[in-house]
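Report on the structure given below.
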Amino acid sequence: MKRGWWEGQAEALGRAAILLRTAPLVTAVVTLVLATALALPATMAWIGAGVTQWFGGQGTEPQITAFFRQKLAREEALAVVQRWREDEAVARAVFIPREEALARLRQTDLGAAIETLPDNPLPDAMTLVPRRHAPQDVAELQQRLTAEPGIEAVQVDTAWVERVHGLARAGTMVAAALAAWFALGMLAQTYLAIRLQLVAAAQEISVLRALGATDGYIGRPFRWLGWLQGLFAGCVGAALWGGLIAWLTPPFDELARLYGLGGFFPFPVWAGGVALVAAGAVLGALGAEISLRQFFRASA
Numbered sequence: 001m002k003r004g005w006w007e008g009q010a011e012a013l014g015r016a017a018i019l020l021r022t023a024p025l026v027t028a029v030v031t032l033v034l035a036t037a038l039a040l041p042a043t044m045a046w047i048g049a050g051v052t053q054w055f056g057g058q059g060t061e062p063q064i065t066a067f068f069r070q071k072l073a074r075e076e077a078l079a080v081v082q083r084w085r086e087d088e089a090v091a092r093a094v095f096i097p098r099e100e101a102l103a104r105l106r107q108t109d110l111g112a113a114i115e116t117l118p119d120n121p122l123p124d125a126m127t128l129v130p131r132r133h134a135p136q137d138v139a140e141l142q143q144r145l146t147a148e149p150g151i152e153a154v155q156v157d158t159a160w161v162e163r164v165h166g167l168a169r170a171g172t173m174v175a176a177a178l179a180a181w182f183a184l185g186m187l188a189q190t191y192l193a194i195r196l197q198l199v200a201a202a203q204e205i206s207v208l209r210a211l212g213a214t215d216g217y218i219g220r221p222f223r224w225l226g227w228l229q230g231l232f233a234g235c236v237g238a239a240l241w242g243g244l245i246a247w248l249t250p251p252f253d254e255l256a257r258l259y260g261l262g263g264f265f266p267f268p269v270w271a272g273g274v275a276l277v278a279a280g281a282v283l284g285a286l287g288a289e290i291s292l293r294q295f296f297r298a299s300a
């Protein structure tokens, strides 16, 4: 029985291949449309992931500056810095002595004004980079630093953090919406393509039913047809996507170099290609199944 099942599947697959070859132009157009529906949202997701990676890289991390009290001894300040270095919420903490801060300030436009002051007015400071960059995590860390006895003031660019995460969140939502939209479009296109094949074979299907053939047997070639269309579309979509990535990577890498950011490589191209092929096959099979069920229900 198992051998008969495999033979039946092989026969249905052969019939599906024949159906694809009967109208090569239509098959090519449908495949290209489906491939485009797969490649475009994948490209948007790749760009969005790369931009998010940029903002998470060195030089674009949220930074918190804590200013120690003027009367706090240097040893006590260093002990506070060491304690925060060991905190699980902190990626790194750097102590900035008041002498170093003054030297940096002298190199700015305020250097001449600083020279007129008799003493160094700047306190010792500490800069921290949070381990988690979400706005609520940064705000929580800011509150904890403010409650530290030896710290006078805490400064953090919360607006910058919110802008970065808002941009990343918006990009993710746009990519997800596009993927869902194009997936629905691919389902509709596969549904219509299989529906046309079923309508064209309506007379043959009626004869098979009269001879006692089951709906499962009749629909088997069309299920394979939807799967093959989706698989071919996934392969073509992966090729299109790979070409787009190869074309877009150099200018994005150049942009990263100009702004001192990391390389633009959000995730491996081969992983995206495999995902596109799998998504195409699944969506093609699903669209064919929906079309078959609706056709059999209407013709029952």
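Heads up: the sequence shown at position 207 corresponds to 207 in full-length UniProt numbering, and the numbers run straight through without jumps. Every residue, glycine too, gets a C-beta built ideally from N, C-alpha and C.
Within the model, the alpha-carbon separation for Phe232 versus Val277 is close to 8 Å. The alpha-carbon of Leu292 is positioned some 8 Å away from that of Ile194. Listed as beta-bridge partners of Pro130 by DSSP are Val90. For the pair of segments examined, the segment 278-290 was found to touch the segment 229-249: the number of CB pairs separated by less than 8 Å reaches three. Under DSSP, the beta-bridge partners assigned to Val156 are Ile64. Rounded to the nearest whole angstrom, the C-alpha separation of Leu38 and Ala16 is 22 Å. Only exposed fits Asp119, as fewer than 16 other CB atoms lie within 10 angstroms of its CB.
The residue among Glu88, Arg92, Pro121 with its C-alpha nearest the C-alpha of Ala103 is Pro121. Cβ-Cβ distances below 8 Å link Glu88 to Arg131 in the same chain, with the five nearest sequence neighbours on each side left out; the list follows chain order. Per the coordinates, the alpha-carbon of Ala239 lies some 20 Å from the alpha-carbon of Leu25.
If you compare the alpha carbons of Glu148, Leu32, Leu20 with that of Phe68, the shortest gap goes to Glu148.
Note on Thr214: under 16 other CB atoms within 10 angstroms of its CB, so exposed under the neighbour-count rule. Shortest Cα-Cα distance from Glu140 to any of Gln189, Val174, Val90 involves Val90.
Here Ala177 carries a helix assignment [DSSP, helix/strand/coil]. Across the set Leu72, Leu34, Arg83, the C-alpha of Leu72 shows the shortest separation from the C-alpha of Pro97.
The C-beta distance from Phe182 to Leu40 rounds to 6 Å, short enough to fall under 8 Å.
Note on geometry: alpha-carbon atoms of Ser299 and Ala279 lie some 30 Å from one another. Rounded to whole angstroms, Met186 and Val207 show a C-alpha spacing of 31 Å.
By the criterion of a C-beta distance shorter than 7 Å, Val30 is surrounded in its chain by Gln189, Ala193, Gln229, once the five residues flanking it on both sides are discounted. Boundaries cannot be given for Gln70, as no alpha helix (DSSP H) includes it and DSSP labels it neither H nor E. If you draw a 10 Å sphere on the C-beta of Gly243, you find fewer than 16 other C-beta atoms in it, and that means exposed.
Between the alpha carbons of Leu196 and Ala10 lies a distance of about 23 Å. Residue pairing from DSSP places Phe95 in a beta bridge opposite Met126. Secondary-structure assignment with DSSP links Ile151 through a beta bridge to Phe68. DSSP, reduced to helix, strand and coil, places Ala37 within a helical segment of the structure shown. Bounds of the alpha helix (DSSP H) holding Ser206 are 202-210. Judged by DSSP secondary structure, Pro250 falls within the alpha helix (DSSP H) whose first and last residues are 215-258.
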